[in-house]
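In what follows, a structure is listed as structure tokens, so that the remarks can point back to it.
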Amino acid sequence: MNSAAVKIAKTLPLTDAFAVVHTVYLNRSLMVAAIHLTNISAAAKKVRLCFVPPGGTPTAANAILWDFSVDANDIFEFGQDILIPSEYTVQAMADVTDAVIVYFSGSEE
3 MNSAAVKIAK
13 TLPLTDAFAV
23 VHTVYLNRSL
33 MVAAIHLTNI
43 SAAAKKVRLC
53 FVPPGGTPTA
63 ANAILWDFSV
73 DANDIFEFGQ
83 DILIPSEYTV
93 QAMADVTDAV
103 IVYFSGSEE
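The opening position of the sequence shown corresponds to residue 3 in the numbering used here, with each subsequent residue numbered one higher.
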């Protein structure tokens, strides 16, 4: 592992197709500090969040959340101290475009 930690913080409005939130750099691992899902709509929305291995695709088998319901105008917070291996991607989607915002943070070493 590299000795210098790189802090990661990203905010992304989700679409109705999987999008890469973050790719873990080669020869590093990522320790997640927080993941927040904010539903900015007036109705509950479903979210899928996957940690996808290199060359893979997001599926229920690599999902952290699959069709997880976030209540209207609510925030769901989780993810502290999850370790993601080198070259994995964090991918997410919601059932309605621009209804849910993901905030993702951590530290790569």
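The C-beta atom is built at its ideal place from N, Cα and C for all residues, glycine as well.
Here the alpha carbons of Asn29 and Asp69 stand approximately 31 Å from one another.
Boundaries of the beta strand (DSSP E) harbouring Leu39: 32–41, taken from the DSSP string. Residues Val49, Arg50, Leu51 of the same chain have their beta carbon placed closer than 7 Å to that of Leu67, with the five preceding and five following residues left out of the count. Non-local C-beta neighbours of Asn64 in its own chain, meaning closer than 8 Å and more than five positions away in sequence, comprise Cys52, Phe53, Val54, Pro55, Gly58, ordered along the chain. Judged by DSSP secondary structure, Pro60 falls outside any beta strand (DSSP E); it is assigned neither H nor E. Taken atom to atom, the span from the alpha-carbon of Ala6 to that of Ala44 is near 43 Å. Within the same chain, and ignoring the five residues on either side of Ala19 in sequence, the residues whose Cβ sits closer than 8 Å to its Cβ are Met95. Measuring C-alpha to C-alpha distances from His38 to each of Ala11, Ile86, Tyr90 identifies Ala11 as the nearest.
When the Cα atoms are used, His24 and Ala74 turn out to be separated by approximately 26 Å.
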